[in-house]
Every structure is written in structure tokens, then in C-alpha cells.
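Below is one structure, written out as C-alpha cells; the observations come after it.
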Amino acid sequence: MSFEPTSTQSAFLPPNIQIPETWVEARLILIDYLIKSAEAINTREVAQYVDGNVSGGINISETQTGQDWFTPGDANVYRPGSRTVIDMGALPNTGTLSVAHGIQITANTVFTRIYGTATDPSTSFIPLPFVDTAGNSVELNVDATNVNIITPSDYSGYTTSYVILEWIESR
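Position 136, counted from 1, in the sequence shown is what numbering that gives the first Met the number 0 calls 135; the numbers after and before it change by one each time, with no gaps.
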């Protein structure tokens, strides 16, 4: 199966257009191209992953994702998505690793994605959470204050781990 950008669900903007010689025809082509440009720009997702710096208990590295989330019951109102990255450091040797996320959690906070990775330098890479059929699964959860990683055995060889949090605020 080949991939054709014009057959996808998202807005695809061709890199060039043919402009007719007459202004009336050129105006129609340009208006159409500007509309397509706006649609393509507005449907993209911003892929900036900023380290979740916490100052005074508040995350000062929150990034707008470019996502617009629906509002239940009101199809005309959208909510912006936010993202931050938490540098968790090394995974623990059997236990819980907790790092403050600094997100101002309210009754209206809804997480849309919680995920990450851990790296054992040059040898192994695992997703977080990690499911191991032998019973050594790594749990990942978030509470009102911290990101928590729980390991049932020694995962301390994984010296680098990042957790990405994405959320919206309900209205």
C-alpha cells in the first residue's frame, strides 16, 4: 500500500501552485490556497518537549501542544492541550521513584496521555509503563503532586528516564 498525502484525513498543503495570468482567476486560486494553508497550520501538533522545571512548586515549563480538545455538550468550544516532560533520572532498585510535576491540579484537570521511556545505556530501552509477562512490570502513575514509577525488582541500570504528561482543563 502506498502513501498519498492527499488521501489522508489531515490537511495536506502542496508546496507549489500555478497562478493564472488574470487577476480574477488568480484571486480564486490564492484564496483557496490561503484557506488550505490555514487549515494545514491549525491541524498540526506542536512537538516541543520542554523539561518540566518546577519553581516554587509550580511547573514553569508547560507547553501548549497545538491540540484542540472537544468540550462535551458544546461542539463549538475547544480546550487547548498542554504538555511537559519530567526528567525522572535513574529507575529504582525495587521501590518507588517520585518526582514533583508542578502541574496545578484542579477538579477540572484531565490527563490525556501519560507515557515515557527508560534507557539502560547502549543496551536496552523500555517504554513506561512496562509490562513484563514474568511479573516484573514497571508501573507509572501520576497523583496531584508527583509522577511515580514503581519497580518490583532492580531496574537501576536504567539510568535515564523521561515521562511525558499531556492534559487539558475541563470547563
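Don't be surprised by glycine CBs; every beta carbon is placed ideally from N, CA and C.
One thing to note: L90 has its Cβ within 8 Å of the Cβ of A117. If you look at E165, you'll find it in the beta strand (DSSP E) that goes T159 to E168. Under DSSP, Y114 takes part in a beta bridge, and its partners are I163. With distances taken between CA atoms, R112 lies nearest to G80 out of G80, I30 and T105. With fewer than three CB-CB distances shorter than 8 Å, the segment 140 to 147 does not count as touching the segment 63 to 77. The closest CA to that of S136, considering only Q17, G94 and E61, is found on G94. DSSP places N75 in the uninterrupted beta strand (DSSP E) bounded by D73 to D86.
When the Cα atoms are used, N41 and P14 turn out to be separated by approximately 17 Å. Distance from the CA of I104 to the CA of M87, rounded to the nearest whole angstrom, comes to 20 Å. In this structure, the beta-carbon distance from G101 to Y161 does not fall below 8 Å. Check the Cα spacing between G65 and each of G72, E38, I85 and V53: the tightest is with E38. For I30, the enclosing alpha helix (DSSP H) has its first and last residue at W22 to N41.
Secondary structure of I18 (DSSP, three-state): coil.
Here S36 has L12 as same chain residues with Cβ atoms under 8 Å from its own Cβ, once five neighbours each way along the sequence are excluded.
The three-state secondary structure of D131, taken from DSSP, is coil. About 44 Å separates the beta carbons of T70 and P120, which is beyond the 8 Å limit, so they are not a contact pair.
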